[in-house]
Amino acid sequence: QYNRLPTSINSLAECTEETGMSCTPIANMDDLKDGWGQPFKYSSDGDGRSFVIKSLGTDGREGGEGLNSDIVGKGP
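Quick note on our numbering: the sequence shown kicks off at 8 and runs consecutively.
Here it is in structure tokens:
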């Protein structure tokens, strides 16, 4: 709809300055949490063409090993 990726994960679940106040949210914030109930960390590059989404694992902190490892997805 906007021909670019959102700059924040909030833009998927609520109307922001980026989406405009008359937008239609496409997700619920409760759906944007990892398996441990923590919000995903999301960032996009400056031109809106790629993104990184991250779960901080069971401990909820950067880094770690095993179940505490960060899980990172990059795209497109």
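Note that beta-carbon positions come from the ideal geometry of N, C-alpha and C, so glycine has one too.
This one's a predicted model, so the numbers in the text were calculated from it and none came from an experiment.
The beta carbons of LEU12 and SER51 sit closer together than 8 Å. With distances taken between CA atoms, VAL59 lies nearest to GLY80 out of GLY80, TRP43, GLU72. In the DSSP assignment, SER62 falls within the unbroken beta strand (DSSP E) covering 58-62. Annotated three-state conformation of GLY82 is strand, per DSSP.
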